[in-house]
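All remarks here apply to the structure that follows.
In the numbering used here, the protein residues as written are 1 to 217.
Shown next as structure tokens:
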């Protein structure tokens, strides 16, 4: 099995790889300002459908082939997932720059390169990649992550994240996978990741809603 290292990422996505490598090596580095897409109104929600789907129903979408594709592609990214996470969050802020305002660190986070270079943000990226890793590691028993994902949804609601942003994160995740995997990123692989991410988002959305109800009472 071919493992996608940072050299592979660099050959297939040179701009993202260069930024990711420099930021991962030194939090003091400052990158050129990322471009802001003109397609701010991109309909990212259409890829993920309704976030109210129950986890039981969603799990039916994960076939044995889906699980195989997800596991293999995740392994192919290599052991160090942080550079891929940087690519993912760079894309996230391109799709929705307003999300920057949700990050309150000692390092100024009003500009994308500065935010991505902060130690606190790199820690956040690491945590996000660990959440994805946990989901991939529990594809056969995703229900065991229910409480964890519910709590994660509550935490996101508490800091002001809207449920619509979950779909934008999903688009950024798919972009990262496409960029990192190159020709290995097929339609079947994309759908497999969509199916898994929908399960994660469904649980997080329920947690988000419960926390919102609690605060309104």
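Each residue gets a CB set at the ideal place from its N, CA and C atoms; glycine is no exception.
- If you keep only unbroken alpha helix (DSSP H) runs of at least 4 residues inside the segment 153-187, you get 164-181.
- Three or more Cβ pairs drawn from the segment 83-101 and the segment 160-175 lie within less than 8 Å of each other, which places the two stretches in contact.
- Around the beta carbon of residue 84, a 10 Å sphere encloses 16 or more other beta carbons of the protein chains shown; the residue is thus reported as buried.
- Note that the segment 163-171 does not touch the segment 129-141; fewer than 3 beta-carbon pairs, one per stretch, sit closer than 8 Å.
- With a beta-carbon spacing of about 30 Å, residue 211 and residue 66 fall beyond the 8 Å limit used to define contacts.
- The alpha helix (DSSP H) runs of length 4 or more contained entirely in the segment 95-157 are, from start to end of the chain, 112-117, 119-137.
- Just so you know, the alpha carbons of residue 127 and residue 201 end up roughly 16 Å apart.
- Between residue 125 and residue 148, the gap from beta carbon to beta carbon reaches 8 Å or more.
- In this chain, the alpha helix (DSSP H) harbouring residue 64 covers 64-76.
- Judged by DSSP in its simplified three-state form, residue 80 adopts coil rather than helix or strand.
- With a cutoff of 8 Å on beta-carbon distance, residue 198 and residue 73 are scored as not near each other.
- Secondary structure of residue 61 (DSSP, three-state): coil.
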